[in-house]
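K.L.:
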């Protein structure tokens, strides 16, 4: 990555971090309901991969820890936050919530809440790309625990069999909800599991964005060149619990501190400062500026946006009736 | 009008739609090179090739999810689930992804998929290959459920389902693929909503769908000839949504009701039709509605037990006679 790109990515990652921390606060204030799965600690994964891909052009799909992936694809943070607030202006018009952010215009194909559910959907998106003949690829971001679902194996088999243009990114944060990978998974190194399907795979540090970017570039090139699927495992760590009700009793504070020593944002910051590309004062200003944007734009927009109308409760269950009349009534033109 | 078989009608709908739109594809187990377990995709592999006629691995959850993902980008997949019993393995994707994606994305994505599957008891297929599962599908928001009782419906419902922007589950029947019937020569789209009056009558309404329409028609014949009872047969080809207006109209005309279903009774089509009658036209009833349904048992293998578990036209006749105090 060029130095200018790194500076831009640092700015984005700070936004991603502060956005998520602000979600936490809003949840405590009961502005946000339901479940909330936060991303701090894992920012280099999404950012590193998407810097190597083409956000807004390539199709991205993920699980329920989805806010940052949506924003990285081009979703407006205001609309993502408004979605968490359940507002009509939210990215899914308040019908989805934290786990179901969508932005089809930027080809962010959604967050899904059944662990492993997006695997075959991603392969299907890749199938559609293959049929239509475009140069896009499908990118599926999921955690390590998703690989213990049956559809993981079913999808790997089909993706390899049909040489589908899909990149599977495994953000291995070492825990499936509150169970460590050693206690749930016979093969701890996830990239080894796809060897059974002849899918090329790679594994790297998921905290250092330069490393993620270099590995992701090769992975993306492989898929875009028409060589079929690729599986990239990124070793990472989520600082917070699985969701908000998780007190993290299954792991030690020492372990958490060890991981925080290699914080993806601070590592990139320090690297840029060492390179003379920015100063500590610049960084502190960036944080302040980001917080001001979140407060004055993102939160304000979400607070002030209208609720969905109760009259519209059943809107979006089916396609607009008027457009479907030929098939509903049999009176086709 | 061509007199063709149920499977031929389904095959013709596939063929016409695939010829029209290169984004219509089909997939399932043995549907390509082998031509389909029930021949519903015969000849399509040779005509459209492996990219559009996909023989899938035996991975119902996986390939159903794959079809749904493709449909997000405008592909129109027709998924054949060889037996409805296997659909349990695909339901997560059908219900959690296809049926909900439009709603939970605020209308941004839609899953215009067709899921076809053969249900029902055939000949001693045992507990895990004989299920009727329409009751499971018909309660899911965002999913349309239709079930053809004849070749014309099989053709026209599939045509409409492919064109529809909503996901549609089509419940077929293992015993009906070789049934013959008239299908229009020209293109025909059967409505996805509503009901058909399969036989008009005045004294009692027999509600059926799919195979039970035929029990009802046979029963109506017997009731007319042997007992002088005029039965109206209403074909509920749309199970979700059920045709409230059609149900109300017929009950208001006959005032007596029998619902015949091959599914077991609890939480089924019969209970739902009775609930609709209660809501729409309870005071039109002259007698309490009667359900004819399967026994609540896993389908037995033994021939005699199997026959005992599944109703037929004689059970419909008995139910009607009982309604009239002549049983």
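Protein chains in written order, with our numbering: chain A, 1 to 333; chain B, 1001 to 1327. We treat Cβ as the ideally placed atom computed from N, Cα and C, and that holds for glycine. Quick caveat: nothing in here was measured; it's all calculated off a predicted structure.
1. What does the Cβ neighbour count give for residue 1011(B), buried or exposed, with the cut at 16 atoms within 10 Å?
2. So which residues on chain B does residue 100(A) lean against when the C-beta distance must stay under 8 Å?
3. How about residue 1033(B) and residue 1077(B): are their beta carbons less than 9 Å apart?
4. Bridge partners of residue 260(A), per DSSP?
5. Short of 7 Å Cβ to Cβ, which residues in the stretch 1176-1192 of chain B face chain A?
6. In this structure, does DSSP put residue 1100(B) in helix, strand or coil?
7. Cutting at 6 Å between CB atoms, please list the residues of its own chain near residue 1243(B), excluding the five before and the five after it.
8. Keeping to the same chain, check which residues put their C-beta closer than 6 Å to that of residue 1210(B); ignore five residues upstream and five downstream.
9. By the 10 Å Cβ neighbour count, where 16 or more other Cβ atoms means buried, how is residue 100(A) classified, buried or exposed?
10. Would you mind working out which of 1062(B), 1057(B), 1322(B), 1226(B) sits nearest residue 1097(B), comparing C-alpha positions?
11. Shortest alpha-carbon distance to residue 357(A) belongs to which of 148(A), 179(A), 225(A), 235(A)?
12. Just the Cα atoms here: how many angstroms apart are residue 269(A) and residue 111(A)?
13. Using C-beta distances below 8 Å, list every residue in its chain close to residue 1110(B), excluding the 5 sequence neighbours before and after it, in chain order.
14. Look at the alpha carbon of residue 233(A) and the alpha carbon of residue 251(A), and state the distance between them as a whole number of angstroms.
15. Taking the alpha carbon of residue 977(B) as the reference point, which residue from 1170(B), 1159(B), 1204(B), 1263(B) has its own alpha carbon closest?
16. Relative to the C-alpha of residue 173(A), which residue among 210(A), 260(A), 11(A), 15(A) is closest?
17. Specify whether the stretch 1015-1027 of chain B and the stretch 1043-1051 of chain B touch according to this definition: at least 3 beta carbon pairs, one from each stretch, less than 8 Å apart.
18. In terms of residues, what are the limits of the beta strand (DSSP E) holding residue 1240(B)?
19. Output the boundary residues of the beta strand (DSSP E) element that contains residue 81(A).
20. Quick one: give me the first and last residue of the alpha helix (DSSP H) that residue 1073(B) is part of.
21. Quick one: what does DSSP say residue 1250(B) is sitting in, helix, strand or coil?
22. Please go through the same chain and pick out, in chain order, the residues whose beta-carbon is closer than 6 Å to the beta-carbon of residue 200(A), but skip the five residues on each side of it.
23. Do residue 1003(B) and residue 1135(B) have their CB atoms nearer than 9 Å?
24. I'd like to know if residue 1097(B) contacts chain A, where contact means its C-beta is closer than 9 Å to some C-beta of that chain.
25. What did DSSP end up calling residue 1015(B) once you bin it into helix, strand or coil?
26. Within 10 angstroms of the Cβ of residue 1117(B), are there 16 or more other Cβ atoms? Answer buried if so, exposed if not.
27. Applying a beta-carbon distance threshold of less than 8 Å, which residues of chain B neighbour residue 120(A)?
28. Mind listing which residues of the stretch 82-107 of chain A have their C-beta closer than 7 Å to chain B's C-betas, in chain order?
29. By the 10 Å Cβ neighbour count, where 16 or more other Cβ atoms means buried, how is residue 152(A) classified, buried or exposed?
30. Among 37(A), 38(A), 23(A), whose alpha-carbon lies nearest the alpha-carbon of residue 31(A)?
31. Helix, strand or coil for residue 1232(B)? Go by DSSP, reduced to three states.
32. 9 Å is my cut-off, CB to CB: does residue 1160(B) come that close to chain A?
33. Could you name the residues of the same chain whose beta carbon sits closer than 6 Å to that of residue 1215(B), not counting the 5 residues immediately before and after it, in chain order?
34. Residue 139(A) and residue 58(A) - do their beta-carbons sit closer together than 9 Å?
35. Select from the stretch 1070-1081 of chain B all residues with a C-beta closer than 9 Å to any C-beta belonging to chain A, and list them in chain order.
36. Please decide whether residue 129(A) counts as near chain B, where near means a Cβ-Cβ distance under 9 Å.
P.N.:
According to the structure shown:
1. Of the residues assessed, residue 1011(B) falls on the buried side of the cut-off, its CB having 16 or more other CB atoms within 10 angstroms.
2. Below the 8 Å Cβ cutoff, chain B contributes 1104, 1105 as neighbours of residue 100(A), in chain order.
3. no
4. Answer is none; residue 260(A) lacks a bridge partner.
5. 1189, 1190, 1191, 1192
6. coil
7. 1194, 1195
8. So the list reads 1147, 1149, 1173, once near-sequence residues are dropped.
9. buried
10. 1062(B)
11. Limits of chain A in this structure are 1 at one end and 333 at the other, which puts residue 357(A) out of reach.
12. 29 Å
13. Excluding five sequence positions before and after residue 1110(B), the CB atoms of its chain that fall closer than 8 Å to its own CB belong to 1071, 1072, 1101, 1102, 1165, 1166, given in chain order.
14. Roughly 22 Å between the two C-alpha positions.
15. Because residue 977(B) is not part of the residues shown, which for chain B are 1001 to 1327, the question remains open.
16. Distances from the CA of residue 173(A) to each of 210(A), 260(A), 11(A), 15(A) were compared; the closest alpha carbon is that of 260(A).
17. yes
18. 1238-1240
19. Taken as a continuous stretch (DSSP letters only), residue 81(A) belongs to no beta strand (DSSP E), being part of the alpha helix (DSSP H) at 77-84.
20. Element bounds for residue 1073(B): n/a, residue is neither H nor E.
21. helix
22. Excluding sequence neighbours, residue 200(A) sits near 230.
23. Residue 1003(B) is not a Cβ neighbour of residue 1135(B), given a cutoff of 9 Å.
24. yes
25. helix
26. Classification for residue 1117(B): buried.
27. 1061, 1062, 1063, 1064, 1065, 1066, 1068, 1069, 1093
28. 92, 93, 95, 96, 100, 102, 104
29. Buried, because 16 or more other Cβ atoms sit within 10 Å of the Cβ of residue 152(A).
30. Out of 37(A), 38(A), 23(A), 23(A) has the C-alpha closest to the C-alpha of residue 31(A).
31. strand
32. Proximity of residue 1160(B) to chain A, defined by a Cβ-Cβ separation below 9 Å, is satisfied.
33. 1260, 1312, 1313, 1316
34. Closer than 9 Å, so yes.
35. 1070, 1071, 1072, 1073, 1074, 1075, 1077
36. yes
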